[in-house]
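Below is one structure; the comments refer to it alone.
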Amino acid sequence: MVFSIDDSLLPATLTAGPMTDEEFAAFCSEHPDLNFEMTAEGVILVMPPTYSSNGVRNSLINNQLGTWARIDRRGVTPDSSTGFMLPNGARRAPDAGWIAKSRIPAAGSVERDRYWRLSPDFVIELKSSTDRLHILREKMEEWIANGTSLGWLIDPEARTVEIYRAGRGPEILKNPDRVHGEGPVEGFTLDLTEVWDPFAEPPGR
Amino acid sequence: MAFSIDDALLPATLTAGPMTDLIWADLDGRGVTTESSTGFVLPDGARRSPDAGWIENSRIPADGAPDLDEYWHTCPNFVIELKSRTDRLPTLREKMEEWISSGVSLGWLIDPETRTVEIYRPGRDPESLKNPDRVRGEGPVEGFTLDLKKVWNPLPRSPAR
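Structure follows, in structure tokens:
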């Protein structure tokens, strides 16, 4: 499906018939500068890239989580363009995530090289100035309902972190300097000072 | 602290340090990195997003500039595009050419299926590396080495460990 859409109209939704992984991925590849997700109801969400400063923030988050995961070795980290097929049928992408190696589809399985049928053990969503908070909160609830153990919703404008866990209401931290991992990512600590102020000169440089 | 020295973003000379300082760009200090959802508005008006990018601090809009919190009207100095199985190579090659003509000094197009890296530089034809273990930065990212072994083989062979 080829279409062009003006940035000023984004984010937008499209309706389409059911698509296989290959069809959905091929559709996304036609538009390498847009981001796509698909809801459980089959509605395609079309999203523009995030604003540049927020991309730097997300890169800092991914660097911290990815570095920790490499040292820890129990799991792998996808980046913000990585799709997963959730148990409810939605194709979703977290801004950052972590998946235990034991849950990675087996080598040689068809799924291994397509969208993994799982919800990551841990996800982070980073709110951009154009994201609507209630949409992101619904997305966090969807992650948890589909098997994610821990989710952090980070809002750099409000400097809040909402912590989502299975079976509990969200906990809200106001202006924290750091947030500590638990459950699947016990041992990981995210330093938020550089997320709040990504262009500050680090001390001692 | 124990970690494996082949980690892609770690300089080989590094032996220890706070975890958040282990990233090349962070250690280097001359620029910042962007990730795959990050947009830029190029000089020709196109809005593009590289899979990974590095941009020197001097190109970041000033505090209070109207584009600081929107799309920066500049392009990264260095970009990486990672081909997925469903991406079309001609489309990505055109995108690399667009990056270079827009002011990118160095671009790497990485294809994990064929294990090739195409290196794009202004005023030169792309150079193609076949099955390299690593690729070395130059120009804006002199000093950075990308270890490709984890890119070619990112996952454990057996999921049960």
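Top line first, the protein sequences correspond to chains L and H. The first sequence begins at 4 in my numbering and counts up by one. The second sequence begins at 2 in my numbering and counts up by one. We put the beta carbon where it would ideally sit given N, CA and C, even for glycine.
For the pair of segments examined, the stretch 50–58 of chain L was found to touch the stretch 71–87 of chain H: the number of CB pairs separated by less than 8 Å reaches three. According to the DSSP secondary-structure assignment, H/S129 is paired through a beta bridge with H/E119.
For L/A15, the pairing in a beta bridge is given by DSSP as L/V49.
Unbroken alpha helix (DSSP H) runs of no fewer than 4 residues, entirely contained in the stretch 47–85 of chain H, are not found. L/W101 sits away from L/P159, with the two beta carbons spaced by 9 Å or more. L/N38 counts as buried, since at least 16 other C-beta atoms from the protein chains shown sit within 10 angstroms of its C-beta. Listed along chain L are S55, each with a C-beta nearer than 7 Å to that of H/W73. Neighbours of L/D36 in chain H, taken as residues at a C-beta separation under 7 Å, are given in chain order as R48, R49 and S50. The C-beta separation of H/T39 from H/A26 comes to about 14 Å, leaving the pair out of contact by the 8 Å criterion. Classified as exposed, H/D126 has fewer than 16 neighbouring CB atoms from the shown chains inside 10 Å of its CB.
Under the DSSP definition of a beta bridge, L/H183 partners with L/T192. Interface annotation, L/S83: in contact with chain H, CB-CB separation under 9 Å.
A contact is defined here as three or more CB-CB pairs under 8 Å, and the stretch 108–121 of chain L fails this definition with respect to the stretch 138–146 of chain L. Annotation: L/S62 to L/D9 spans about 26 Å, alpha carbon to alpha carbon. At a cut-off of 9 Å between beta carbons, L/S62 contacts chain H.
Of L/F125, L/T133, L/P201 and L/E197, the smallest CA-CA separation from L/I166 is found for L/F125. Under the 8 Å Cβ criterion, the stretch 66–81 of chain L does not count as touching the stretch 73–88 of chain H, having fewer than three qualifying pairs. Boundaries of the beta strand (DSSP E) around L/A103: A99 to A103. It is roughly 15 Å from the alpha-carbon of H/R86 to the alpha-carbon of L/T23. Nearest CB-CB separation between L/P52 and chain H: below the 9 Å threshold.
Apart from sequence neighbours up to five positions away, the residues of its chain that approach L/L17 with a beta-carbon distance below 7 Å are I47 and V49, ordered along the chain.
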